[in-house]
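Asker: The structure under discussion is supplied below as structure tokens; questions concerning it will follow.
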Amino acid sequence: MRYTKNRKIAASAGLILCLAMNPLVVSAETEDVLQAGVTSVLDTRLTTEEYIALGQQAQGAAWGYTNIGIANVESGNLNVRETPSTEGKMVGKMPKDSACEVLETADGWAYIKSGEVEGYVSMEFLLTGPDARVRATEIVRTVVVVDGDGLNVREQPDTESAILTQVASGEEMDYLETLDGWIKVAVDSDEAYVSADYVTVTEKLDTAITMTELLYGQGVSDVRVDLVEYAKQFVGNRYVWGGTSLTKGADCSGFVLSIFKKYGISLPHHAASQAGYGTKISAGDLQPGDLIFYGNSRGHINHVAIYIGGGQVVHASNERTGIKISNYKYRSPVKYVRLLQD
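Take the sequence shown: its letter number 103 is residue 470 in the numbering used here, and every next letter is one higher.
This is the structure:
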């Protein structure tokens, strides 16, 4: 297992150093947070040299950003455009609280890079400077990145324990706790364990979604396109156990239930029960709008997602990440189902 230490201290130091070198006007709320950051950094008893070094390090490596920007939208996404105009072609979307590198600003627009997306966003909906750094410290997530293919995710921290699922190389899980040789993780709403030898623990801020990730391919019916577009507009919204509200919070089956209800299909509020509806299909037959079910080592289905094309799903994952887009093989699928017969 590898983990970058002093990252939060460095971020705080970088934030304070940024203010010292850039006399910007900030809100009273931000000033309070900054004062707390100063106290936190001073409480670490760093030497002057260590403090300056951490600040300089943070300027170039605050979660990988130098001039960080954070999407500041109430819900939905911040559109990334090819040109600095509301008429500009859309090249991607930044979900709420996702991060970007601000490369330049002019006339109310920022030219940014976020993940694989580059383009212009309206500064009306983008936090920058100290406000962005403060927000980043509030929303940064600790994740576990898989280093090798087919990592076994077990129900208990023991090589003899049952395997909950397998996770592919490069996929991420939410970090919960470090144990003796094991990492406790969240896989959707389940808690499980992976060997610390085959993962990297790091901090992450979400990034933009490319237009390629938002497309489906040829020959997809209008109703499928409409359903998937409808489902994706709720990315970033809350996960609530037992919930069915697309805006106030839903769990995995509640999310699917509410999406398909709009298209005249009634489903029970239970993932395993939903798996009994429609027609079972193979992975090779998947089309946008089909359902993918996931389960544990005993074959019990405990999670459901909507396939959106391009090898991806949209699903209500857990309380830490909410409704999100993932690779459909982010864990081992156990069943594929078609409800839309077109």
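Here a beta-carbon is modelled for each residue, glycine too, at the ideal position from N, C-alpha and C.
#1: Since I believe Asn434 is in contact with Glu468 (beta carbons under 8 angstroms), could you give me their beta-carbon distance rounded to a whole number of angstroms?
#2: So Glu454 and Gly486 are supposed to be a Cβ contact under 8 angstroms. How far apart are they, rounded?
#3: Out of Phe627, Gln533 and Thr611, which has the shortest C-alpha to C-alpha gap to Val701?
#4: Roughly how many angstroms separate the alpha carbons of Gly431 and Asp652, rounded to a whole number?
#5: Taking 8 angstroms as the threshold (C-beta atoms), are Ile626 and Val704 in contact?
#6: Just tell me which of Asp709, Thr646, Asn685 and Lys599 has its CA closest to the CA of Tyr674.
#7: For the alpha helix (DSSP H) containing Ser442, name the first residue and the last one.
#8: May I have the straight-line CA-CA distance separating Ile383 from Leu494, to the nearest angstrom?
#9: Have a look at Arg687, Pro451 and Lys696 and flag the residue whose alpha-carbon is nearest the alpha-carbon of Asp573.
#10: Helix, strand or coil: how does DSSP classify Arg502 here?
#11: Please list, in chain order, all residues of the same chain as Arg521 whose beta carbon is under 8 angstroms from its beta carbon, the five residues on each side excluded.
#12: Which residues in the same chain have their Cβ closer than 7 angstroms to the Cβ of Asp657, if we skip the five residues on either side of it in sequence?
#13: Please look up how many angstroms separate the CB atoms of Asp541 and Arg502, rounded, as I've assumed it's under 8 angstroms.
#14: In terms of residue numbering, what span does the alpha helix (DSSP H) encompassing Val595 cover?
#15: Using 10 angstroms around the beta-carbon of Lys615, count the other beta-carbons present and answer buried if the total reaches 16, otherwise exposed.
#16: Between Met457, Pro462 and Thr577, which has its C-alpha nearest Asn604's C-alpha?
Answerer: Looking at the coordinates:
#1: The beta-carbon distance between Glu468 and Asn434, rounded to whole angstroms, is 6 angstroms. This is short enough to meet the 8 angstroms contact definition.
#2: Actually they do not touch by this definition, with Cβ atoms about 13 angstroms apart.
#3: Residue Gln533 is the option with its Cα nearest to Val701.
#4: When rounded, the distance between both Cα atoms is 39 angstroms.
#5: In this structure, Ile626 does not lie closer than 8 angstroms to Val704 by Cβ.
#6: The shortest C-alpha separation from Tyr674 is found at Lys599.
#7: DSSP places Ser442 outside any alpha helix (DSSP H), giving it a letter other than H or E.
#8: The predicted position of Ile383 is uncertain, since its pLDDT is 49 and thus under 50; a value taken from the coordinates is nonetheless stated next. Cα to Cα, Ile383 sits roughly 17 angstroms from Leu494.
#9: Nearest C-alpha to Asp573: Arg687.
#10: Arg502 sits in a helix when the DSSP states are folded into three classes.
#11: The answer, listed in chain order, is Ser528, Ala529, Ile530, Leu531, Ala559, Tyr560 and Val561.
#12: Counting only Cβ-Cβ distances below 7 angstroms, and skipping sequence neighbours, we find Ile648, Tyr674, Tyr703, Val704 and Arg705.
#13: Contact between Asp541 and Arg502 is absent: CB atoms are separated by about 20 angstroms, not below the 8 angstroms threshold.
#14: Element bounds for Val595: Asp589 to Lys599.
#15: Flag for Lys615 reads exposed.
#16: Of the candidates Met457, Pro462 and Thr577, the one whose C-alpha sits nearest the C-alpha of Asn604 is Pro462.
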